[in-house]
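**Q** Pasting a structure here, questions to come.
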Amino acid sequence: MASASALFIAAPPPTKRLSGAGAGVLLRPARPIPAAGRRGGGRVAARASAAGKEGREWAAGMVAAAAAAALVIPEVAEAAQPGISPSLKNFLLSIVAGGVVLGVLVGAVIAVANFDPVKRT
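Counted from 1, the sequence shown has number 59 at position 59 by full-length UniProt numbering; the numbering is strictly sequential.
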């Protein structure tokens, strides 16, 4: 249950829900399509907005809050215990085994290249 709450913190809120046949579908409002024949009659001016900075600060605060909440969840906090879990041990051993196989392949290519060099004139 606590794991699911972190998921709801990270998910954006839905904007509109359908009822009836499309009850499970979420819709977001589309951007309006400008008319083909219309042209803007004035100058275009770009203005800096403080709302963008506040929005970024708010998003950064929400990310920090979600990370802090995730560390309190027992399943996540269990990973910080001392020692190596069996799954982590198997993962690390599989990485080592992959490195050994890669090393053997590279060694075999080098050995064959030195044993049977190609002489071009």
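Ideal Cβ positions, reconstructed from N, Cα and C, are used throughout, including at glycine.
1) So what's Ile73 in DSSP terms, helix, strand or just coil?
2) Among residues of its own chain, excluding the 5 on either side of Glu54, which ones have a beta-carbon nearer than 7 Å to its beta-carbon?
3) Given this structure, state the Cα-to-Cα distance separating Ala60 from Phe115, to the nearest angstrom.
4) In whole angstroms, give me the CA-to-CA distance for Leu102 and Trp58.
5) Between which two residues does the alpha helix (DSSP H) carrying Val96 extend?
**A** Result, derived from the coordinates:
1) Here residue 73 corresponds to residue number 73 of the sequence shown, with the count starting at 1. In the structure shown, Ile73 sits in coil (DSSP, three-state: anything other than H, G, I, E or B).
2) For this step, residue 54 is matched to residue 54 along the sequence shown. Cβ within range, chain order: n/a, list empty.
3) Reading the sequence shown from its first residue, position 60 is the one you call residue 60. Reading the sequence shown from its first residue, position 115 is the one you call residue 115. When rounded, the distance between both Cα atoms is 59 Å.
4) One-based indexing of the sequence shown puts residue 102 at position 102. One-based indexing of the sequence shown puts residue 58 at position 58. Going by the C-alpha atoms only, they are around 46 Å apart.
5) Sequence index remark: in the sequence shown, residue 96 carries index 96 (1-based). Per DSSP, Val96 belongs to the alpha helix (DSSP H) from 86–115.
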